[in-house]
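Undergrad: So that we are looking at the same thing, I have put the structure below in structure tokens.
Residue numbers (this note's numbering): 1 to 154.
Structural data, given as structure tokens:
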């Protein structure tokens with residue numbers, strides 16, 4: 001039986017997930033702003049309104065959250081860092097993620113971020129969760145194709 005949990009993220013969750021982060025996620029961060037996975041996770045933990053770890057049988061398979069988009073509020077920046085194991089348990093987590101996105105929307109009535117056009121798994125998840133995904137356009141430090149994605153509270 002799968003024991004899946006979503007818990008508040010800690011620095012130890014970051015240390016556990018670091019060696020197993022999906023290559024597509026690491027490539028996306030490098031293409032966005034040149035940041036390392038560690039820097040993305042540590043910044044996410046420090047700046048997010050809420051930051052969670054997804055566990056399967058006690059093992060971290062994802063760390064995710066939502067950060068404020070500006071000091072005056074109004075919108076949040078959802079983010080997620082996963083392992084290849086997350087794909088194995090994606091249905092388990094996607095069922096729970098709708099509630100998480102709704103929680104984000106109670107804090108921020110508008111969510112927005114960018115996803116690397118090469119990150120097909122992430123785009124599928126975002127589509128399943130109901131985000132609007134725009135056509136790819138140059139973005140980030142290397143001007144690679146990225147999709148802006150967004151959702152407004154209904």
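Think of the CB as a built atom: it goes at the ideal place given N, C-alpha and C, for glycine as much as any other residue.
All of these numbers come straight from a predicted model, not from anything done at the bench.
1) Tell me, please, whether the CB atom of residue 74 is closer than 7 Å to any CB atom in chain B?
2) Out of 111, 128 and 84, state which residue places its alpha-carbon closest to the alpha-carbon of residue 23.
3) Closer than 6 Å by C-beta to residue 54: which residues in its own chain qualify, once you throw out the five before and the five after it? Chain order, please.
4) Report yes if the C-beta of residue 34 is less than 6 Å from at least one heavy atom of the ligand GDP; otherwise report no.
5) Pick helix, strand or coil for residue 113, following the three-state DSSP scheme.
6) Only counting the same chain, and skipping five residues up and downstream in sequence, which positions put a Cβ closer than 8 Å to that of residue 21?
7) For residue 132, which of helix, strand or coil comes out of DSSP?
8) For residue 14, does the three-state DSSP call read helix, strand or coil?
9) Residue 146 bridges to which residues according to DSSP?
10) When we look at the beta-carbon of residue 28 and count the other beta-carbons within 10 Å, is it buried (16 or more) or exposed?
11) Could you spell out the range, first to last residue, of the beta strand (DSSP E) harbouring residue 4?
12) Rounded to the nearest angstrom, how far is the Cβ of residue 141 from that of residue 33, given a contact under 8 Å?
13) Where does residue 125 sit, in a helix, a strand or coil, going by DSSP?
TA: Working from what's here:
1) Absent from the structure: chain B. Only one protein chain is present.
2) 84
3) 6, 61, 62 and 93
4) Inclusion of the ligand GDP in the displayed structure is not the case, the ligand content being empty and no account of it being possible.
5) strand
6) 37, 81, 82 and 83
7) strand
8) helix
9) 116 and 137
10) buried
11) 4 to 8
12) 6 Å
13) helix
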